[in-house]
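Colleague: Mapping to numbering that gives the first Met the number 0: the sequence shown position 134 is 133, numbers consecutive. Note that the Cβ used here is the ideal one computed from N, Cα and C, for glycine as well.
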Amino acid sequence: MANRTLLRVLVPEMSHNQTGNVATLIQRYLWQKQVAGLTVRRSLTGLADYTARQDNVLEDSAFNNDPLILEAVLPNEQLVQVLPTIKSMVERGEVTTIPEEADDKLKNNLSDYMNVKIFMKNVKQSDGKADLDVVLNTLQEAGIDWVSVTKGIKGFGKEHKQYSPKFSFSKNVPVVIDIFMTEQQAQTLLPKLETAVTEGVVFKTSASLVIKNEGEKH
Numbered sequence: 000m001a002n003r004t005l006l007r008v009l010v011p012e013m014s015h016n017q018t019g020n021v022a023t024l025i026q027r028y029l030w031q032k033q034v035a036g037l038t039v040r041r042s043l044t045g046l047a048d049y050t051a052r053q054d055n056v057l058e059d060s061a062f063n064n065d066p067l068i069l070e071a072v073l074p075n076e077q078l079v080q081v082l083p084t085i086k087s088m089v090e091r092g093e094v095t096t097i098p099e100e101a102d103d104k105l106k107n108n109l110s111d112y113m114n115v116k117i118f119m120k121n122v123k124q125s126d127g128k129a130d131l132d133v134v135l136n137t138l139q140e141a142g143i144d145w146v147s148v149t150k151g152i153k154g155f156g157k158e159h160k161q162y163s164p165k166f167s168f169s170k171n172v173p174v175v176i177d178i179f180m181t182e183q184q185a186q187t188l189l190p191k192l193e194t195a196v197t198e199g200v201v202f203k204t205s206a207s208l209v210i211k212n213e214g215e216k217h
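1. Within a Cβ cutoff of 6 Å, which residues of the same chain sit near S14, ignoring the five residues on either side of it in sequence?
2. Helix, strand or coil, according to DSSP, for L43 in the structure here?
3. Cutting at 8 Å between CB atoms, please list the residues of its own chain near T137, excluding the five before and the five after it.
4. A1 to A101, Cα distance in whole Å?
5. Going by C-alpha to C-alpha distance, which of N114, Y162 and K120 sits closest to Q237?
6. Label P83 either buried or exposed according to how many other C-beta atoms from any shown protein chain fall within 10 Å of its C-beta, with 16 as the threshold for buried.
7. Counting only the same chain and skipping the five closest in sequence on each side, list residues whose C-beta sits under 7 Å from that of T38.
8. If you follow the alpha helix (DSSP H) that E182 is in, where does it begin and where does it stop?
9. Compare the Cα-Cα distances from K123 to each of Y28, E198 and R7 and report the closest residue.
10. Quick one: give me the first and last residue of the beta strand (DSSP E) that I97 is part of.
11. Taking C-alpha atoms, which residue in L6, I210 and V134 lies nearest to I97?
12. Return the residue from the list V89, M88, I68 and N114 that minimises the CA-CA distance to T181.
13. Are the Cβ atoms of R40 and T149 separated by less than 8 Å?
14. With distances taken between CB atoms, is the gap from G156 to K120 smaller than 8 Å?
15. Taking all protein chains shown into account, decide if T4 is buried (16 or more other Cβ within 10 angstroms of its Cβ) or exposed.
16. Whose CA, out of G127, I178 and Q31, lies closest to the CA of E158?
17. Closer than 6 Å by C-beta to L24: which residues in its own chain qualify, once you throw out the five before and the five after it? Chain order, please.
18. On the three-state DSSP scale, how would you describe Q124?
19. Let me make sure I understand the geometry here. Which of V94, D111, I85 and E140 has the alpha-carbon closest to that of Y28?
20. Would you say E182 touches the ligand COA, meaning its beta carbon is less than 7 Å from a heavy atom?
21. What three-state label does DSSP hand T204 in the structure shown?
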């Protein structure tokens with residue numbers, strides 16, 4: 000049964016409303032509401048309202064006013080409670096919700112693709128291996144390609160300890176892994192991925208593969 004939804008908020012980093020910085024207010028509000036986790040990423044460039052382009056040109060990233068991507072996976076009943084307040088905070092930006100795919104769809108339809116997103120901290124397991132390495136090795140062994148990994152700039156996990164890593168390889172670095180696979184592959188891989196993630200969430204939605212060009216093998 001799927002009873003979770005991905006909440007995605009896109010706001011300029013320097014965006015403010017009457018009470019403060021919007022991204023900071025949203026992070027603080029979700030933390031206060033005991034949401035299980037939040038990851039914040041900074042876009043390198045993008046298109047803001049009225050298709051105005053935002054480019055990263057200043058050395059101090061925060062002053063580029065790049066779009067920030069705030070993402071959290073919430074139970075549906077909790078989403079209903081927090082969504083009105085989130086919408087009221089965002090005077091300039093975008094709020095979207097993406098329901099998770101139901102498990103019965105995953106079992107019964109083996110021809111479609113799944114988009115699997117993993118929100119996690121790159122912690123080390125008891126054998127000393129980093130979670131990220133275990134996840135990528137699992138996908139590599141299964142023949143899954145075109146996997147992207149992006150780093151968050153701040154957020155919090157299930158223990159509600161807010162983090163903003165200073166070093167790229169800090170064990171607290173929040174990362175988001177995007178994967179496309181067939182639903183048949185997902186049946187085998189999802190249990191392995193969920194086991195590999197010490198702290199985080201594995202989220203799945205249906206998707207269509209439009210094109211995949213492999214190019215020449217090097």
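Modeller: For this structure:
1. Within the same chain, V21 and R91 come within 6 Å of S14 by CB-CB distance, once the 5 residues on both sides are set aside.
2. coil
3. L188, K191, L192 and A195
4. 4 Å
5. In this structure the chain extends from 0 to 217, so residue 237 is not present and cannot be described.
6. exposed
7. Hits under 7 Å: E70, F118, G151, G154, P173 and V175.
8. Its alpha helix (DSSP H) spans residues E182 to A195.
9. E198
10. E93 to P98
11. Scanning L6, I210 and V134 for the CA closest to the CA of I97 turns up L6.
12. Out of V89, M88, I68 and N114, N114 has the C-alpha closest to the C-alpha of T181.
13. yes
14. yes
15. buried
16. Q31
17. Here the set comprises M88.
18. coil
19. It is I85.
20. The ligand COA is not among the ligands present in this structure, which contains no ligands whatsoever.
21. strand
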